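**Q** Just so you know, we're using UniProt numbering here: the sequence shown kicks off at 1 and counts up by one. Ideal placement from N, C-alpha and C gives every residue a C-beta, glycine not left out. Since the model is a prediction, treat every value here as computed from it, not as a measurement.
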Amino acid sequence: MKIIGVIPARYKSSRFEGKPLALILGKPMIIHVAEKVEQALGKQNTYIATDDDRIAKLVESFGYMAIMTSESAKTGTDRLWDFAQQINADIYINVQGDEPMVSPNDIQKVVEKKLTYIDSVTCGMLPISNEEDPNDINIPKVLVNKNSDLIYMSRLPIPGIKNTSRLDKPNYLKQVCIYGFTYHDLKSFGELDKKAPYENFEDIEILRFFDLDISIKMVMMEKETIAVDNPKDIERVEKAMTQV
C-alpha cells in the first residue's frame, strides 16, 4: 500500500504573504514541516503541492519533490485533489504547511486510524490549552461523540453554554490539521467544485464532507503544536522549539 504525505503550500495569503518561506530558527517553515513528514513516511513519500515557483525551487533545493497545482484551488484539500490527479497513492496524508512543530508520531496516528477506517476521512484533534481562548475564531473547535466521530466543527465555542453562570466549563477540543484521505475522498470533494454552505460560513473545509455523506473520524494527538497564522506567531514557535 502506497502512503504519501502531501504539504499544500501557497505563496499568496491575506494574513501572511510568503508564509511557507518564512524563516524559523534560520530554516524556511515549509522545510521544518517537510522534515517531520519525512521522519514519519520517508523522504521518497514526502511531497509539496504548490502553485508558486519560488516555493517549488526552495523545496527542491532541499531534495524534496514539488508538484505544481492550480492557482485557483479554493482550499488546501482542493489543492490536494489537483495533486492526486498527478500522483497515485492509496492514502494521502495532508499535513498543513504552517505547522512546523507537527509530530511525526501524530502523523503516524492519523495513518493508522485511516487504515482502520478506510471509508472515513481522518483528522487530528487536541484539547484546547489553558493559554488558548475558545472564543478565538482562528481556532476551529471540534465536537465529537464517544466514538470520536465528528459531529460538527466551528469557529465558535462548541458545545455552547446556555447557563453562563455555571462554574464548570466544557472540555473544548480543537482541530489539528493532519488529514487522511483516499483518492475517492479527494475526488468526491474536488468534483463538487463548490464550497458547501456550512463550509462557506465557517471557512472550515472539512465540513464539505458532511454534504458528501462521508464520515469523519477524529484522532487524539499526543503533542501540542503552534500553527503560524501571522508573522507574530513566528516568535512563539521559535521560543517553543528552543524549549523542547
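Could you check whether the Cβ of residue 119 sits closer than 9 Å to any Cβ belonging to chain B?
**A** As a matter of chain content, chain B is missing from the structure shown, which is built from one protein chain.
**Q** If you follow the alpha helix (DSSP H) that residue 111 is part of, which residue opens it and which one closes it?
**A** 104 to 116
**Q** Who are the near neighbours of residue 97 in its chain, counting only those whose CB is closer than 8 Å to its CB and skipping five residues on each side?
**A** 7, 8, 9, 19, 20, 29, 30, 33 and 48
**Q** Please identify the residue among 170, 204, 172 and 183 whose C-alpha is closest to the C-alpha of residue 267.
**A** Here the chain covers residues 1 to 244 and nothing more, so residue 267 does not appear.
**Q** Just verifying my parser: in three-state terms, what is the DSSP assignment at residue 211?
**A** In this structure, residue 211 counts as helix in the three-state DSSP scheme.
**Q** Mapping DSSP to helix, strand and coil, what is residue 124?
**A** strand
**Q** Select from 205, 223, 37 and 101 the residue whose C-alpha is nearest the C-alpha of residue 242.
**A** 101
**Q** Report the residue from 197, 202 and 211 whose alpha carbon sits nearest the alpha carbon of residue 189.
**A** Checking every option, the nearest Cα to that of residue 189 belongs to 211.
**Q** Which residue spans inside the region 36 to 98 form an unbroken beta strand (DSSP E) run of at least 3?
**A** 46 to 50, 65 to 68 and 91 to 95
**Q** What's the call for residue 88, buried or exposed, on a 16-neighbour Cβ count within 10 Å?
**A** exposed
**Q** Cα separation between residue 52 and residue 68?
**A** 7 Å
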